[in-house]
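A.B. asks: Sharing a structure with you now.
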Amino acid sequence: MIMHLMKLGVMASINQRLDYETLQAISNQFGFEAVRKLTLEEQILQDEPDDATNLLSRSPVITIMGHVDHGKTSLLDAIRQSNVMDTEAGQITQHIGAYHVELESGSVVFLDTPGHAAFTAMRARGAQVTDIVVLVVAADDGVMPQTVEALNHAKAAGVPILVVLNKMDVESARPDHVKRQLAEYDLVPEEWGGQTIFVEISAKERIGIEELLEMLLLEAELLELSANPNKPARGTVAEAKLDKGRGPVATVLVQNGTLRVGDVFVAGRYNGKVRAMINDRGHHVKNAPPSTPVEVLGFTGVPEAGDQFFVVGSERDAKALSEFRQAQHRATQLGPQSRVSIQEGDIKE
Ligand code: GDP
Ligand code: MG
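Residue 1571 in the working numbering is what sits at position 95 of the sequence shown, and the numbering runs on without skipping anything.
Right, dumping it as structure tokens:
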């Protein structure tokens, strides 16, 4: 084998590790076919691609971003309140890190952890949860550093941006000036021949909120978002904490499939079994279809925002995978930590 490898230009020793292509080449020469063994992750998390006939449309998931004090929180509040008043008088939405808004023509899901931190944390873990970024820019202040940061994040993630010009009630609002500023970042309004939807609002005066929601649905329609509700759920952890009374709880955004009470799952390094699910209105639910945020009880530990959430076939698999991931995690933790302690020791001496 070593000789054959030499002919292939690989100077191998007797306990050399070879890449898959080399292994294939060398096994062929000996009349064998190399087959790559699936990793534990791959075995357990195998997912068949959805057939077009199984796909149903799903609601868009929105993240609100923008410069500090431009009105992100006010906008979220305005949307939540207008919706609560319209549909379920007096009912207060639970804070679970995400909520949905029902409209006549559909519904929209908002990730309620505004700003770059959540978006970036999730992206860093490879999670793609947001379908549309709402970029809030105060019309009296214009493009600011975090505005640019936010639009760059959205562009890097390939997520379409809808611009909201907020604080239109303020006398010094200069929407055209802000539009010109944003045009320099390729966010050109439709009336100027561009492709970006701009909505002018006042979060404080609750003006333009309905129009914004309609525009989000319109934009979502163009994206043709779909999912297959008839399979085991997959999603992303949007928020997680250790609750004194209830133990670890996490808000999971179901992205595909349907999550049911009793389902066995893995999320990040932890596994579990869905003990209960609570929706954004504070109601217990038995199942959660795609684009539904739900608070999930039944984790063995507190996962992290951005962790992928998978329903798996058996408790044995779930346990095996979480043990494997915990071992991996310990190994990566040990590396830098031991280095730090050595450095600290050096300093002391
Ligand atoms: P965030 O930092 O982006 O979450 O911004 P906030 O929602 O906390 O708003 C910052 C400040 O701007 C607060 O004092 C709000 O009351 C005010 N504000 C937000 N929206 C509007 C608006 O439409 N008009 C006016 N006049 N003030 C607003
Ligand atoms: Mg805020």
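The beta carbon of each residue, even a glycine, is placed where N, CA and C say it ideally should be.
All of these numbers come straight from a predicted model, not from anything done at the bench.
Got a sec? Which residues, its chain only, sit under 7 angstroms from Thr1563 by beta carbon, not counting five neighbours each side?
C.D. replies: Residue numbering aside, residue 1563 sits at position 87 when the sequence shown is read from its first letter. With a pLDDT of only 49 at Thr1563, under 50, the local geometry of the prediction cannot be trusted, and the value read off the model is given with reservation. Glu1578, listed in sequence order.
A.B. asks: Which residues, in chain order, sit with a beta-carbon under 6 angstroms away from any heavy atom of the ligand GDP?
C.D. replies: Matched residues: Gly1542, Val1544, Asp1545, His1546, Gly1547, Lys1548, Thr1549, Ser1550, Asn1642, Lys1643, Asp1645, Val1646, Ser1678, Ala1679, Lys1680.
A.B. asks: What would DSSP say about Phe1595, mapped onto helix, strand or coil?
C.D. replies: Taking the first residue of the sequence shown as position 1, residue 1595 is located at position 119. The answer is helix: DSSP assigns Phe1595 an H, G or I state.
A.B. asks: Look up His1759 in the DSSP assignment and say whether it is helix, strand or coil.
C.D. replies: Residue numbering aside, residue 1759 sits at position 283 when the sequence shown is read from its first letter. Of the three classes helix, strand and coil, the one that applies to His1759 here is coil, per DSSP.
A.B. asks: Let's see if you can read the secondary structure: which residues bound the alpha helix (DSSP H) around Arg1493?
C.D. replies: By 1-based counting over the sequence shown, the position of residue 1493 is 17. That residue, Arg1493, is in no alpha helix (DSSP H); it is neither H nor E in DSSP.
A.B. asks: Can you give the Cα-Cα distance for Thr1549 and Pro1705, rounded to whole angstroms?
C.D. replies: The residue labelled residue 1549 in the question sits at position 73 within the sequence shown. The residue labelled residue 1705 in the question sits at position 229 within the sequence shown. One C-alpha to the other measures close to 32 angstroms.
A.B. asks: Which whole runs of the beta strand (DSSP E) in the region 1707–1795 are 3 residues long or more, in chain order?
C.D. replies: DSSP runs (the beta strand (DSSP E)) wholly in the region 1707–1795: 1710–1719, 1723–1732, 1740–1743, 1746–1754, 1768–1775, 1784–1787.
A.B. asks: With three or more C-beta pairs closer than 8 angstroms as the rule, is the region 1510–1520 touching the region 1745–1760?
C.D. replies: Segments in contact, no.
A.B. asks: Under a Cβ-count criterion, where at least 16 other Cβ atoms within 10 Å of its own Cβ denotes burial, should Glu1667 be classed as buried or exposed?
C.D. replies: Translated into the one-based positions of the sequence shown, residue 1667 becomes position 191. Exposed, because fewer than 16 other Cβ atoms sit within 10 Å of the Cβ of Glu1667.
A.B. asks: In its own chain, which residues sit with a C-beta less than 6 angstroms from the C-beta of Asp1783, not counting the 5 before and 5 after it?
C.D. replies: Indexing the sequence shown from 1 puts residue 1783 at position 307. Answer for Asp1783: Val1713, Ala1743, Gly1744, listed in chain order.
A.B. asks: Going by Cα to Cα distance, which pick from Met1479, Ala1615, Gln1519 is closest to Phe1506?
C.D. replies: By 1-based counting over the sequence shown, the position of residue 1506 is 30. It is Met1479.
A.B. asks: Can you grab the Cα-Cα spacing for the pair Leu1611 / Gln1557, in whole Å?
C.D. replies: On the sequence shown, position 135 is the one that residue 1611 refers to. On the sequence shown, position 81 is the one that residue 1557 refers to. Cα to Cα, the separation comes out at about 20 angstroms.
A.B. asks: Classify Leu1797: buried if its beta carbon has 16 or more other beta carbons within 10 angstroms, exposed otherwise.
C.D. replies: Counting from one through the sequence shown, the residue named residue 1797 turns up at place 321. Leu1797 is buried by the Cβ-count criterion.
A.B. asks: Whose C-beta lies closer than 6 angstroms to the C-beta of Pro1636 among residues of the same chain, with five residues either side of it excluded?
C.D. replies: The residue labelled residue 1636 in the question sits at position 160 within the sequence shown. Counting only Cβ-Cβ distances below 6 angstroms, and skipping sequence neighbours, we find Ile1608.
A.B. asks: So for Ile1502, helix, strand or coil by DSSP?
C.D. replies: For this step, residue 1502 is matched to residue 26 along the sequence shown. Three-state result, Ile1502: helix.
A.B. asks: For the beta strand (DSSP E) containing Glu1686, list its first residue and its last residue.
C.D. replies: On the sequence shown, position 210 is the one that residue 1686 refers to. Per DSSP, Glu1686 belongs to no beta strand (DSSP E); it is in the alpha helix (DSSP H), 1685–1699.
A.B. asks: Report all residues from its chain with a CB closer than 7 angstroms to the CB of Met1477; omit the five preceding and five following residues, and keep chain order.
C.D. replies: Sequence index remark: in the sequence shown, residue 1477 carries index 1 (1-based). Within the same chain, Met1477 has close Cβ partners Ile1502.
A.B. asks: Among Ala1600, Gly1547, Val1511, Ser1583, whose alpha-carbon lies nearest the alpha-carbon of Arg1534?
C.D. replies: Against the sequence shown, residue 1534 aligns to sequence position 58. Closest by alpha carbon: Ser1583.
A.B. asks: Rounded to whole angstroms, what's the CA-CA distance from Met1753 to Asn1642? Just pull it up for me.
C.D. replies: One-based indexing of the sequence shown puts residue 1753 at position 277. One-based indexing of the sequence shown puts residue 1642 at position 166. Taking the straight line joining both Cα atoms gives about 35 angstroms.
A.B. asks: Where does Leu1692 land, buried or exposed, given buried means 16+ other C-beta within 10 angstroms?
C.D. replies: Stepping through the sequence shown from its first residue, residue 1692 is reached at position 216. Buried, because 16 or more other Cβ atoms sit within 10 Å of the Cβ of Leu1692.
A.B. asks: Return helix, strand or coil for Lys1611, following the three-state DSSP convention.
C.D. replies: To locate residue 1611, count along the sequence shown from 1; it is residue 135. The question names Lys, but residue 1611 is Leu in the sequence shown. Three-state result, Leu1611: strand.
A.B. asks: Quick check on DSSP: helix, strand or coil for Asn1418?
C.D. replies: In this structure the chain extends from 1477 to 1825, so residue 1418 is not present and cannot be described.
A.B. asks: For Arg1710, which option in Ala1632, Ile1673, Val1750, Gln1731 has the closest C-alpha, if you only look at C-alpha atoms?
C.D. replies: On the sequence shown, residue 1710 is found 234 positions in, with the first residue counted as 1. The shortest C-alpha separation from Arg1710 is found at Gln1731.
A.B. asks: Less than 8 angstroms between the C-beta atoms of Leu1729 and Asn1763, yes or no?
C.D. replies: Mapped onto the sequence shown, residue 1729 falls at position 253. Mapped onto the sequence shown, residue 1763 falls at position 287. Taking 8 angstroms as the Cβ cut-off, Leu1729 and Asn1763 do not qualify as a contacting pair.
A.B. asks: Ends of the beta strand (DSSP E) at Val1639?
C.D. replies: Looking up residue 1639 in the sequence shown gives position 163. It spans 1637–1642 - the beta strand (DSSP E) in which Val1639 sits, taken as one unbroken run.
A.B. asks: Would you identify the three-state DSSP class for Ile1555, choosing helix, strand or coil?
C.D. replies: Counting from 1 along the sequence shown, the entry for residue 1555 is found at position 79. Ile1555: helix per DSSP, three-state reduction.
A.B. asks: Should Leu1482 go down as buried or exposed, given a rule of 16 or more other Cβ atoms within 10 Å for buried?
C.D. replies: Within the sequence shown, residue 1482 is the residue found at index 6, counting from 1. It is Met, not Leu, that sits at residue 1482 in the sequence shown. Met1482 is exposed by the Cβ-count criterion.
A.B. asks: Would you check if the distance between the CB atom of Thr1727 and the CB atom of Pro1765 is smaller than 8 angstroms?
C.D. replies: For this step, residue 1727 is matched to residue 251 along the sequence shown. For this step, residue 1765 is matched to residue 289 along the sequence shown. Against a cut-off of 8 angstroms, the Cβ pair of Pro1765 and Thr1727 comes out as no contact.
A.B. asks: Assuming Gly1542 contacts Ala1597 (C-beta within less than 8 angstroms), just tell me the rounded distance between them.
C.D. replies: Taking the first residue of the sequence shown as position 1, residue 1542 is located at position 66. Taking the first residue of the sequence shown as position 1, residue 1597 is located at position 121. Not quite, the Cβ-Cβ distance comes to about 17 angstroms (not below 8 angstroms), so this is no contact.
A.B. asks: Could you give the distance in angstroms between the alpha-carbon of Ser1702 and the alpha-carbon of Ala1630?
C.D. replies: The residue you call residue 1702 lines up with position 226 of the sequence shown. The residue you call residue 1630 lines up with position 154 of the sequence shown. Approximately 21 angstroms, taken between the alpha carbons.
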